[in-house]
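Structure record follows, encoded as structure tokens.
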Amino acid sequence: MTLQPTAGEIVAITTTDSEPLLLVYRSNDDHVTGVLLADLATETLHRLRASERNTATRRQLAQAIGRTDDLMSFTVPLTDCALVERDSSCPEPFEGGDR
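Taking the numbering used here, the leading residue of the sequence shown gets 351, the next gets one more, and so forth.
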């Protein structure tokens, strides 16, 4: 079974040189949609870091961010994503990831 990121998890986009970090707020069998961490306000990043071990809070935060119209969202193929963190465990790649 292929691991799939869920709302609130952070992935790196592996098809770019800088591997920008993406906060996932929606995913399906083929694609991941989220917002770049670099586009988030400082207070939002602080709340995201503070909720690191609280998966439910992190999902709620990610979904709230996904509903805002003023942020750019990105949709990328699942195979172009590598897990950065999942419930504070050690990083591991999704299928197709390089890490």
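Ideal placement from N, C-alpha and C gives every residue a C-beta, glycine not left out.
Option in the options with minimal Cα separation from residue i
| i | options | result |
| --- | --- | --- |
| Arg403 | Ile360, Thr425, Gln354 | Ile360 |
| His396 | Ser368, Thr383, Val385, Leu411 | Leu411 |
| Leu386 | Ala406, Ser368, Asp379, Asp380 | Ser368 |
| Ala388 | Pro427, Leu433, Asp430, Ser423 | Ser423 |
DSSP-derived helix/strand/coil call for residue i
| i | result |
| --- | --- |
| Arg376 | strand |
| Leu353 | coil |
| Thr392 | helix |
| Thr407 | helix |
| Ser368 | coil |
Range covered by the beta strand (DSSP E) that runs through residue i
| i | result |
| --- | --- |
| Gly384 | 381-386 |
Check: residue i C-beta below 7 Å from any heavy atom of the ligand FMN
| i | result |
| --- | --- |
| Gln410 | Summarising the ligand content, the structure contains no ligands, and the ligand FMN is consequently not present. |
Residue i - partner residues in DSSP beta bridges
| i | result |
| --- | --- |
| Thr425 | Thr383 |
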